[in-house]
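Numbering (the working numbering), first residue to last: 436 to 684.
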């Protein structure tokens with residue numbers, strides 16, 4: 436082989452990698468959606484919480500937010516040097532309230548992460564930055580777990596104007612875009628300043644832009660918020676749909 440014929444400058448690289456550690460519940464099925472939110476130079480390094488033989492419920496939210504498991508998962512991704520570690524679970528980070536969400540971030544940092552994010556903490560950041568105090572909510576959960584989200588929002592001083600829930604105990608990633616769009620539209624309240632769609636396992640990427648255009652207000656979704664909060668700490672812009680992103684980036 437004629438090595439002299441090779442254009443070695445073309446082999447320079449790969450592109451310098453910047454990492455995000457992601458602690459996901461055992462049942463996450465939307466890794467592909469996560470990658471759509473980040474720029475090319477960012478890699479995602481996933482760890483999962485241990486399997487729990489229970490349906491999506493209040494019990495599961497408590498189990499997948501166990502501090503011991505989060506610390507262990509954090510340590511599992513540290514060797515690849517992520518700049519931030521995210522706990523990618525909405526219910527697990529809101530189920531015990533605002534103070535408990537702060538504690539989860541402390542657990543991750545105490546385990547060695549340079550910075551920590553949770554999905555519900557990211558929601559709180561965006562609500563504050565956009566100065567939103569009235570929102571509508573859609574969740575895939577049962578009524579009891581959805582009520583815990585309302586309580587979390589109330590602690591933040593945010594009023595839930597209207598709410599809908601799908602009542603699913605599993606298979607959340609299989610819900611169709613059509614169903615999600617219909618339920619978001621139904622959950623909307625005229626006086627709500629935005630709509631929050633909960634759960635990192637509910638696919639939302641491709642419905643955000645058309646629904647924002649139809650409703651004339653921000654549609655905030657769990658994976659979108661989490662990736663935004665991570666990239667903010669890395670001084671990187673998020674990619675993907677969401678008119679509010681341009682306001683806070």
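Where a beta carbon is used, it is the ideal one built from N, C-alpha and C, also for glycine.
These figures come from a predicted structure and were not determined experimentally.
For this session: Whole angstroms is fine: what's the gap from residue 685's alpha carbon to residue 486's?
Result: The question about residue 685 has no answer, for the chain in this structure spans 436 to 684.
For this session: Just tell me which of 681, 502, 644 has its CA closest to the CA of residue 522.
Result: Taking the chain shown and counting its residues from 1, the one referred to as residue 522 is at position 87. Measuring from the Cα of residue 522, the nearest candidate turns out to be 502.
Exercise. So residue 475 and residue 530 are in contact, right, with Cβ under 8 angstroms, and what is the actual spacing, rounded?
Worked result: Mapped onto the chain shown, residue 475 falls at position 40. Mapped onto the chain shown, residue 530 falls at position 95. The pair is not a contact, with the Cβ atoms about 35 angstroms apart (cut-off 8 angstroms).
Problem set entry | Reduced DSSP category for residue 486 - H, G, I as helix; E, B as strand; rest coil | Against the chain shown, residue 486 aligns to sequence position 51. Of the three classes helix, strand and coil, the one that applies to residue 486 here is coil, per DSSP.
Problem set entry | Three-state secondary structure (DSSP) of residue 527 | Along the chain shown, one-based indexing puts residue 527 at 92. Note: residue 527 maps to helix in three-state DSSP.
For this session: Give me whichever residues DSSP pairs with residue 595 in a beta bridge.
Result: Your numbering for residue 595 matches position 160 in the chain shown. Paired residues: 570.
Exercise. If you run the structure through DSSP and keep just helix, strand and coil, what is residue 627?
Worked result: Walking along the chain shown from the start, residue 627 turns up at place 192. If DSSP states are grouped into helix, strand and coil, residue 627 belongs with coil.
Exercise. Looking only at its own chain, which residues have a Cβ that is under 6 angstroms from the Cβ of residue 573, when we skip the five neighbours before and after it?
Worked result: As a working mapping, residue 573 is identified with position 138 in the chain shown. Taken in chain order, the residues that qualify are 599, 618, 619, 622, 632.
Problem set entry | Beta-bridge partners of residue 492, as assigned by DSSP | Here residue 492 is taken as the residue at index 57 of the chain shown, counted from 1. Looking at the DSSP assignment, residue 492 forms no beta bridge with any residue, so it has no partner.
For this session: List the DSSP bridge partners of residue 478.
Result: Taking the chain shown and counting its residues from 1, one reaches residue 478 at position 43. Bridge partners of residue 478: 454.
For this session: Give me the Cα-Cα distance between residue 541 and residue 533, rounded to the nearest whole angstrom.
Result: Taking the chain shown and counting its residues from 1, the one referred to as residue 541 is at position 106. Taking the chain shown and counting its residues from 1, the one referred to as residue 533 is at position 98. If I take the Cα positions, the gap works out to 13 angstroms.
Exercise. Whole beta strand (DSSP E) runs in the segment 502–566 with 3 or more residues, listed along the chain?
Worked result: 519–522, 551–553
Problem set entry | Same chain only: Cβ atoms within 7 angstroms of residue 602, ignoring 5 sequence neighbours per side | Walking along the chain shown from the start, residue 602 turns up at place 167. Contacts found: 577.
Exercise. Going by other Cβ atoms of all chains shown within 10 Å of its Cβ, with 16 needed for buried, is residue 470 buried or exposed?
Worked result: Numbered from 1 along the chain shown, position 35 holds the residue referred to as residue 470. So residue 470 ends up on the exposed side.
Problem set entry | Closest by C-alpha distance to residue 568, when choosing among 551, 557, 595 | Taking the first residue of the chain shown as 1, we reach residue 568 at position 133. Here the closest residue by C-alpha is 595.
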